[in-house]
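Asks:
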Amino acid sequence: MLSTFLTTSYRFPKSRTASLAVAAAVAAAAMAGFAAMSGSAFANEIGIQFVGNVSTPQPLQASDSAGVVAQTNWNALTGSSWTSQALNDNTGSSSGATLTGSANGDYFGGSVTDTPGDVKLTSGELFNGWPGSPALSFSNIPYAAYDVYTYAAIDNNSRIETIEVTPTGGSASYQSFGTSNGGPAWVLSNNPVAGWNGVGTQPTRPPSATYAEFTGLSASSFTLNWGAPGNGGLNGVQIVEVAVPEPATLGLMALAGVGILLIGRKRRLA
Numbered sequence: 009m010l011s012t013f014l015t016t017s018y019r020f021p022k023s024r025t026a027s028l029a030v031a032a033a034v035a036a037a038a039m040a041g042f043a044a045m046s047g048s049a050f051a052n053e054i055g056i057q058f059v060g061n062v063s064t065p066q067p068l069q070a071s072d073s074a075g076v077v078a079q080t081n082w083n084a085l086t087g088s089s090w091t092s093q094a095l096n097d098n099t100g101s102s103s104g105a106t107l108t109g110s111a112n113g114d115y116f117g118g119s120v121t122d123t124p125g126d127v128k129l130t131s132g133e134l135f136n137g138w139p140g141s142p143a144l145s146f147s148n149i150p151y152a153a154y155d156v157y158t159y160a161a162i163d164n165n166s167r168i169e170t171i172e173v174t175p176t177g178g179s180a181s182y183q184s185f186g187t188s189n190g191g192p193a194w195v196l197s198n199n200p201v202a203g204w205n206g207v208g209t210q211p212t213r214p215p216s217a218t219y220a221e222f223t224g225l226s227a228s229s230f231t232l233n234w235g236a237p238g239n240g241g242l243n244g245v246q247i248v249e250v251a252v253p254e255p256a257t258l259g260l261m262a263l264a265g266v267g268i269l270l271i272g273r274k275r276r277l278a
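All residue numbers for the sequence shown refer to the numbering used here, where the first residue is 9 and numbers rise by one.
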């Protein structure tokens, strides 16, 4: 391997200070290159806002930034039923992904107040009853690996909501949490459950949250369902690509490791 070759064959300058400087320069140059290239490996996103049935609708505009993974160019959708709805990505270009499905209806949301964009994102919602019969299907996801963020700052503080995500050909995952009527910031649900889990099926109310995250998906499509006794809400969905390091980036990381190995070897030999 390259690291083995360099650590066994490299001849340091006679000066200990100079040799350490050389090794440090190798590591620093590699890390600088990695930092410069890392911007090109940032993830892409597809954001969907459900505008809801609000007296003064607040659809996200193309320049509005919102979400836990902040992005612009959200798809601001009105109504509560869609068939092969085309979805743009965070650049405003067609992603190729589509949305088909429906909810029981739409309503006003709970308005997280973290940023102006988040206020808009959570101003409306889709609602489903228990255990959430209508579902949303997302197809032709263009990412090899991705996470799904589901936003649920709803109009009521007293419910227990469950959100389900099922990748095509895979198993369903569930998160259950106490609903929260907005708040100053996003609160992540950390209460995975085995299935639909609401009032009467658990001894205590789970911690409150305003969004749930489902990680490690790779299927080209998935379905999303949600519900709560008394109706559960969904403000929006965000599909976030998990970037895979490019070969050149991996090479720079390896080079940085070699530099660190050289420093350590020289210190041991000193």
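Backbone N, C-alpha and C define an ideal beta-carbon position, used for all residues, glycine too.
Using only the alpha-carbon positions, how far apart do G178 and L242 sit?
Replies: Roughly 23 Å between the two C-alpha positions.
Asks: When burial is assigned at 16 or more other CB atoms within 10 Å of the CB, is V207 buried or exposed?
Replies: V207 should be labelled exposed.
Asks: So, using beta-carbon positions, are A111 and S88 closer together than 9 Å?
Replies: Contact: yes.
Asks: In this structure, how does DSSP classify P124 when only helix, strand and coil are distinguished?
Replies: Helix, per DSSP.
Asks: With DSSP collapsed to three states, give me the class of L68.
Replies: Three-state result, L68: coil.
Asks: Kindly indicate the opening and closing residues of the beta strand (DSSP E) around D114.
Replies: 113–116 is the extent of the beta strand (DSSP E) around D114.
Asks: Might you give, ordered along the chain, the residues of its own chain that have their beta carbon closer than 8 Å to the beta carbon of L129, omitting 5 neighbours on each side?
Replies: Once the five neighbours on either side are set aside, the close Cβ partners of L129 are Q57, L68, A74, G75, W82, V120, Y159, N243, G244.
Asks: In whole angstroms, what is the alpha-carbon distance linking F97 and P211?
Replies: It is worth fixing the name first, because residue 97 is Asp in this sequence and not Phe. The straight-line gap from Cα to Cα measures roughly 41 Å.
Asks: What whole-angstrom Cβ distance do P237 and W138 have, given they're in contact under 8 Å?
Replies: Correct: roughly 5 Å between the Cβ atoms.
Asks: Can you tell me whether T187 is buried or exposed? The criterion is at least 16 other CB atoms within 10 Å of its CB, across all chains shown.
Replies: Under this definition T187 is a buried residue.
Asks: Determine whether the Cβ of A160 lies closer than 9 Å to any Cβ atom of chain D.
Replies: Protein chains in the displayed structure number just one, and chain D is not present.
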